[in-house]
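S.K.: Going by the numbering used here, 46 is the number at position 46 of the sequence shown; the sequence numbering is gapless.
Supplied in structure tokens, the structure appears directly below.
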Amino acid sequence: MLTKTVASLAILATSALAQVPICSKYATALNITETQLVEDVLVLALLGNTTANPPVAGILASSSPVLNFFNGAGLTTNRNNQPTSVNFLDGGGAASLQNGTLGTTGSNQLTLANHLVEYVGFLLNCNETFPVYTGNPNMYAVHKFMNISQTQFTYFDTAIANAALALGVTAADVTPIGTALTTLFGSACAPAVNLPPALVGSQSICQGSGCPNTTGAPACYQGASTTTTAVASSTSSALAPTGSSGVAGKTNAGESLYASAMSASLLVIGSAFLIAL
Numbered sequence: 001m002l003t004k005t006v007a008s009l010a011i012l013a014t015s016a017l018a019q020v021p022i023c024s025k026y027a028t029a030l031n032i033t034e035t036q037l038v039e040d041v042l043v044l045a046l047l048g049n050t051t052a053n054p055p056v057a058g059i060l061a062s063s064s065p066v067l068n069f070f071n072g073a074g075l076t077t078n079r080n081n082q083p084t085s086v087n088f089l090d091g092g093g094a095a096s097l098q099n100g101t102l103g104t105t106g107s108n109q110l111t112l113a114n115h116l117v118e119y120v121g122f123l124l125n126c127n128e129t130f131p132v133y134t135g136n137p138n139m140y141a142v143h144k145f146m147n148i149s150q151t152q153f154t155y156f157d158t159a160i161a162n163a164a165l166a167l168g169v170t171a172a173d174v175t176p177i178g179t180a181l182t183t184l185f186g187s188a189c190a191p192a193v194n195l196p197p198a199l200v201g202s203q204s205i206c207q208g209s210g211c212p213n214t215t216g217a218p219a220c221y222q223g224a225s226t227t228t229t230a231v232a233s234s235t236s237s238a239l240a241p242t243g244s245s246g247v248a249g250k251t252n253a254g255e256s257l258y259a260s261a262m263s264a265s266l267l268v269i270g271s272a273f274l275i276a277l
């Protein structure tokens with residue numbers, strides 16, 4: 001019965017997301033493409049902005065508790081159901097993001113960035129011409145070797161919320177989307193959800209210590225075996241600087257519209273942040 005209730009809540013969450021026309025509404029208002037809007041959001045979330053009020057903790061900051069998911073420091077990426085070390089900062093890292101490039105051609109970084117843009121575009125109900133998501137639709141499978149804790153999951157939420165506040169957005173602007181995304185991604189062992197049109201599978205991302213388990217099922221996290229031989233790539237990384245973000249704040253008449261779009265979109269990225277290659 002509890003599992004059915006959770007599944008029903010997840011369906012309601014996906015419906016809520018589909019009814020919020022973030023992409024078309026704010027891209028039109030700002031006279032930019034929907035793809036550019038999502039890319040701008042992604043860069044801001046990754047780099048952060050320590051000079052903002054309040055400061056925004058970047059996903060790639062040196063003190064970030066989730067940095068090792070990106071720089072290849074651990075066996076945390078799921079490749080063919082094997083825990084693998086993959087460096088997702090091999091395409092120029094923060095420097096390329098600041099220069100307006102998501103990553104160099106053929107790099108893990110560019111593939112990850114493209115998948116993030118595609119997935120966020122899907123969740124934000126972007127138009128039919130938006131790039132189609134080509135990554136793994138099962139967020140549990142993508143993240144299962146990361147053992148993401150409540151602390152790590154919350155780090156994303158806090159950084160994203162502060163980014164929204166720094167842009168002048170009130171909590172009321174983003175609460176519905178934030179609630180929907182927490183329902184989808186924030187509980188361990190959640191049942192499979194069919195995200196239309198074709199994204200099917202468990203969407204649980206928070207699976208580690210402190211994560212709520214609303215199903216009542218035993219822990220379902222599958223940790224990395226210490227005997228697994230991983231296919232490691234370079235672990236060198238270019239971390240984000242401690243200065244301001246590579247995405248400048250909007251100062252024109254569209255500032256409030258941009259802020260609302262950014263905050264809602266950032267909540268999406270914070271809840272679905274490491275899409276599998």
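Ideal placement from N, C-alpha and C gives every residue a C-beta, glycine not left out.
Please read these numbers as outputs of a predicted model, since none were measured by experiment.
Can you pull the DSSP bridge partners for Ala192?
M.R.: Numbered from its first residue, the sequence shown carries residue 192 at position 192. BP columns for Ala192 point to Ser202.
S.K.: Note down the Cα distance separating Asn127 from Glu118, rounded to an integer number of angstroms.
M.R.: Taking the first residue of the sequence shown as position 1, residue 127 is located at position 127. Taking the first residue of the sequence shown as position 1, residue 118 is located at position 118. Roughly 11 Å separates the two Cα atoms.
S.K.: Can you give the Cα-Cα distance for Ala159 and Leu47, rounded to whole angstroms?
M.R.: As a position in the sequence shown, residue 159 is number 159, starting the count at 1. As a position in the sequence shown, residue 47 is number 47, starting the count at 1. The alpha-carbon atoms of Ala159 and Leu47 are separated by roughly 11 Å.
S.K.: Would you decide whether Ser107 is buried or exposed? Buried here means 16 or more other CB atoms lie within 10 Å of its CB.
M.R.: Within the sequence shown, residue 107 is the residue found at index 107, counting from 1. Buried: at least 16 other Cβ atoms inside 10 Å.
S.K.: Note down, in chain order, each residue of its chain lying with its Cβ closer than 6 Å to the Cβ of Pro212, except the 5 sequence neighbours on either side.
M.R.: By 1-based counting over the sequence shown, the position of residue 212 is 212. Here the set comprises Ser187.
S.K.: Looking only at C-alpha atoms, which of Ser204, Phe130 and Thr33 sits nearest to Cys189?
M.R.: Within the sequence shown, the letter at position 189 stands for residue 189. Comparing Cα-Cα distances from Cys189 to each of Ser204, Phe130 and Thr33, the minimum goes to Ser204.
S.K.: DSSP three-state call for Gln207: helix, strand or coil?
M.R.: Within the sequence shown, the letter at position 207 stands for residue 207. In this structure, Gln207 counts as coil in the three-state DSSP scheme.
S.K.: Would you grab the beta carbon distance between Asn138 and Gln207 for me? Rounded to a whole angstrom, and I think it's under 8 Å.
M.R.: For this step, residue 138 is matched to residue 138 along the sequence shown. For this step, residue 207 is matched to residue 207 along the sequence shown. With 8 Å as the limit, Asn138 and Gln207 do not qualify as a contact, their Cβ atoms being about 13 Å apart.
S.K.: Assess, as a yes-or-no matter, whether the stretch 90–104 is touched by the stretch 33–49 under the definition of 3 or more beta carbon pairs within less than 8 Å.
M.R.: As far as the Cβ criterion goes, the stretch 33–49 touches the stretch 90–104, which means the pair count is three or higher.
S.K.: Just how far apart, CA to CA, sit Ala61 and Leu67?
M.R.: Translated into positions along the sequence shown, residue 61 becomes position 61. Translated into positions along the sequence shown, residue 67 becomes position 67. The straight-line gap from Cα to Cα measures roughly 7 Å.
S.K.: Could you check if Val38 is buried or exposed, using at least 16 other CB atoms within 10 Å of its CB as the buried criterion?
M.R.: Locating residue 38 in the sequence shown gives position 38, counting from the first residue. Val38 is buried by the Cβ-count criterion.
S.K.: With DSSP as the reference, label Asn87 as helix, strand or coil.
M.R.: Position 87 of the sequence shown, counted from the first residue, corresponds to residue 87. It is a strand residue.
S.K.: Nearest by alpha-carbon distance to Leu112: which of Asn81, Leu181 and Gly92 is it?
M.R.: As a position in the sequence shown, residue 112 is number 112, starting the count at 1. Out of Asn81, Leu181 and Gly92, Gly92 has the C-alpha closest to the C-alpha of Leu112.
S.K.: Using the Cβ count rule (16 or more neighbours within 10 Å means buried), how would you classify Val142?
M.R.: The residue given as residue 142 occupies position 142 in the sequence shown. Classification of Val142: buried, given that the 10 Å Cβ count is 16 or more.
S.K.: In chain order, what residues of the same chain lie with their CB nearer than 6 Å to the CB of Ser209, ignoring the 5 residues before and after it?
M.R.: Counting from 1 along the sequence shown, the entry for residue 209 is found at position 209. Ser149.
S.K.: Among Thr101, Asn71 and Leu102, whose alpha-carbon lies nearest the alpha-carbon of Leu89?
M.R.: The sequence position of residue 89 within the sequence shown is 89, counting from 1. Checked all of Thr101, Asn71 and Leu102; the closest Cα to Leu89 is Asn71.
S.K.: How many Å lie between Thr154 and Thr183 at the Cα?
M.R.: Reading the sequence shown from its first residue, position 154 is the one you call residue 154. Reading the sequence shown from its first residue, position 183 is the one you call residue 183. Roughly 14 Å between the two C-alpha positions.
S.K.: Checking 8 Å against the spacing of the C-beta atoms, do Leu30 and Leu116 come in under that value?
M.R.: Residue 30 sits at position 30 when you count from the first residue of the sequence shown. Residue 116 sits at position 116 when you count from the first residue of the sequence shown. Not in contact: Leu30 and Leu116 (Cβ atoms no closer than 8 Å).
S.K.: Can you name, in chain order, every residue of its own chain whose Cβ lies under 6 Å from the Cβ of Thr134, other than the five neighbours on each side?
M.R.: Position 134 of the sequence shown holds residue 134. Within the same chain, Thr134 has no close Cβ partners at all.
S.K.: Using the rule of at least 16 other Cβ atoms within 10 Å of the residue's Cβ for burial, across every protein chain shown, is Thr77 buried or exposed?
M.R.: Here residue 77 corresponds to residue number 77 of the sequence shown, with the count starting at 1. Thr77 should be labelled buried.
S.K.: Just how far apart, CA to CA, sit Val231 and Val86?
M.R.: Walking along the sequence shown from the start, residue 231 turns up at place 231. Walking along the sequence shown from the start, residue 86 turns up at place 86. With a pLDDT of only 32 at Val231, under 50, the local geometry of the prediction cannot be trusted, and no value is derived from it.
S.K.: For Val132, which residues in the same chain have their Cβ closer than 7 Å to its Cβ, ignoring the five residues on either side in sequence?
M.R.: The sequence position of residue 132 within the sequence shown is 132, counting from 1. If we look at Val132 and ignore the five residues flanking it on each side, its Cβ neighbours are Glu118.
S.K.: For Thr35 and Asn136, what's the separation of their Cα atoms in angstroms?
M.R.: Taking the sequence shown and counting its residues from 1, the one referred to as residue 35 is at position 35. Taking the sequence shown and counting its residues from 1, the one referred to as residue 136 is at position 136. So the two alpha carbons sit approximately 20 Å from each other.
S.K.: State yes or no: is the C-beta of Cys23 within less than 8 Å of the C-beta of Leu102?
M.R.: As a first step, residue 23 must be located in the sequence shown, where it is residue number 23. As a first step, residue 102 must be located in the sequence shown, where it is residue number 102. Cβ atoms of Cys23 and Leu102: not closer than 8 Å.
S.K.: State the beta-bridge partners of Thr77 as determined by DSSP.
M.R.: Your numbering for residue 77 matches position 77 in the sequence shown. Beta-bridge pairing links Thr77 to Thr84.
S.K.: Starting from the Cα of Asp157, find the closest Cα among Thr129, Thr105, Ile59 and Gln109 and give me that residue.
M.R.: Along the sequence shown, read from residue 1 onward, the residue named residue 157 stands at position 157. For the residues Thr129, Thr105, Ile59 and Gln109, the minimum Cα distance to Asp157 belongs to Ile59.
S.K.: I think Pro54 touches Asn162, with their Cβ atoms under 8 Å apart; what is that distance to the nearest whole Å?
M.R.: The residue given as residue 54 occupies position 54 in the sequence shown. The residue given as residue 162 occupies position 162 in the sequence shown. The pair is a contact, with the Cβ atoms about 5 Å apart (cut-off 8 Å).
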